[in-house]
Structures are given as C-alpha cells and as structure tokens.
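Working notes, beginning with the structure itself.
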Amino acid sequence: MDRPVWVGAFPRKDKGVVRSLISTALEAGFDQIVLSEADASLQRIGHFSPILLTEDVFSFDDEAIGRLATIR
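Heads up, the sequence shown stops at 72 in this note's numbering, and the numbers go up one at a time, no gaps.
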C-alpha cells in the first residue's frame with residue numbers, strides 16, 4: 001500500500017531553520033512540504049508544492065486534502 005509522506009517545516013523563531021528544512025527535504029527528493037503559512041520567498045530555494053496546515057486541516061490550492069490526527 002502506497003502512502004504519501006510529507007515533510008513539515010513548521011514555524012520556528014528562525015526562518016533560517018525553515019529554509020534549511022526545506023532545502024534538506026528537496027535534496028532528499030521530497031516535492032510536497034507542509035508549511036504553516038504561505039511564503040512565496042521560500043520558492044526561491046527550489047521547486048516544491050506547499051501544503052498548508054491551518055489548525056488541523058491540510059490544504060493544497062485552497063482545497064482541504066486531509067486532517068491532522070494525534071495518536072497518544
């Protein structure tokens with residue numbers, strides 16, 4: 001069974017950390033990266049599809065594509 005795997009670059013106090021996470025994910029072959037907010041300047045790092053996580057909803061191109069689940 002194939003499952004999508006996304007890399008999350010969530011808010012950090014240092015935007016450099018977010019840029020580093022995105023760069024590393026791109027080098028590893030990921031092309032879909034989860035962000036907490038849209039930031040066009042991140043596209044300069046490389047080509048990727050930003051998936052936005054707002055509260056517990058994942059969205060791509062303004063369409064909900066999933067929900068965040070926490071298993072405890």
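We treat Cβ as the ideally placed atom computed from N, Cα and C, and that holds for glycine.
The beta carbon of residue 58 sits closer than 6 Å to the beta carbons of 51, 65, 66 from its chain, once the five residues preceding and following it are set aside; these are given in chain order. Distance check between residue 60 and each of 68, 45, 42, 34 places 34 closest, using alpha-carbon atoms only. Residue state for residue 17 is assigned as helix, using DSSP reduced to three classes.
Inclusion of residue 48 and residue 62 in the CB contact set at 8 Å is not warranted, their separation being larger than that value. In the structure shown, the three-state DSSP call for residue 24 is helix.
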